[in-house]
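Enquirer: Using the working numbering, read the sequence shown as starting at 86 and increasing by one per residue.
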Amino acid sequence: MSGKTLTRADLAEAVFQKVGLPRNESAEIVELVLREIVASLERGDPVKLSSFGSFGIRDKGQRIGRNPKTGQEVPITPRRVLVFRASNIMKQRINEMLSRRKAAE
């Protein structure tokens, strides 16, 4: 694995190189897409990106946790969490890539 984290700047650079828009417009497009995804999730709407995966919000109820240092039981408050589920196509592509890397070793 390369260990490099993909950033907003990397996405904007990819749009710049592949589409040919100016850098500032490429960065603006990336920001608009990300803002739209966030706004949809804030409304509670799922986001499905074909061949990539889906994002959603899941409600987690209150439960009892345990402080690892003291062992004392502590209530964990209900909350909403972001979940991502990769598409089958994405899973297949990643698994094929990992298999090819292992075969090359």
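We put the beta carbon where it would ideally sit given N, CA and C, even for glycine.
(1) Could you check what DSSP says for SER111 in three-state terms: helix, strand or coil?
(2) Quick check: what's the CA-CA separation for MET86 versus GLU181?
(3) Do VAL166 and LYS196 count as a contact pair if the criterion is CB distance below 8 angstroms?
(4) So what does ALA171 bridge to, in DSSP terms?
(5) Buried or exposed: where does SER136 fall if 16 or more other Cβ atoms within 10 Å of its Cβ makes it buried?
(6) Check this for me: beta carbons of ILE114 and GLY129, under 8 angstroms apart or not?
(7) Does DSSP put GLU116 in a helix, in a strand, or in coil?
(8) Could you tell me the alpha carbon to alpha carbon distance between ILE149 and ALA112, rounded to whole angstroms?
(9) Between which two residues does the beta strand (DSSP E) harbouring GLU158 extend?
Expert: So, to answer that:
(1) Taking the sequence shown and counting its residues from 1, one reaches residue 111 at position 26. If DSSP states are grouped into helix, strand and coil, SER111 belongs with the helices.
(2) Within the sequence shown, numbered from 1, the residue matching residue 86 stands at position 1. Within the sequence shown, numbered from 1, the residue matching residue 181 stands at position 96. Confidence is the limiting factor: at MET86 the pLDDT is only 49, short of 50, which leaves the residue's position unreliable, though a coordinate-based value still follows. Cα to Cα, MET86 sits roughly 14 angstroms from GLU181.
(3) The shown model of the chain, from 86 to 190, leaves out residue 196, and the question about it has no answer.
(4) Walking along the sequence shown from the start, residue 171 turns up at place 86. GLY138.
(5) By 1-based counting over the sequence shown, the position of residue 136 is 51. Exposed is the call here.
(6) For the purposes of this step, residue 114 is identified with residue 29 of the sequence shown, where counting begins at 1. For the purposes of this step, residue 129 is identified with residue 44 of the sequence shown, where counting begins at 1. In this structure, GLY129 does not lie closer than 8 angstroms to ILE114 by Cβ.
(7) Here residue 116 corresponds to residue number 31 of the sequence shown, with the count starting at 1. Residue state, collapsed to three classes: helix.
(8) In the sequence shown, residue 149 corresponds to position 64, counting from 1. In the sequence shown, residue 112 corresponds to position 27, counting from 1. Cα to Cα, ILE149 sits roughly 44 angstroms from ALA112.
(9) Position 73 of the sequence shown, counting from 1, holds the residue named residue 158. Element bounds for GLU158: 158-161.
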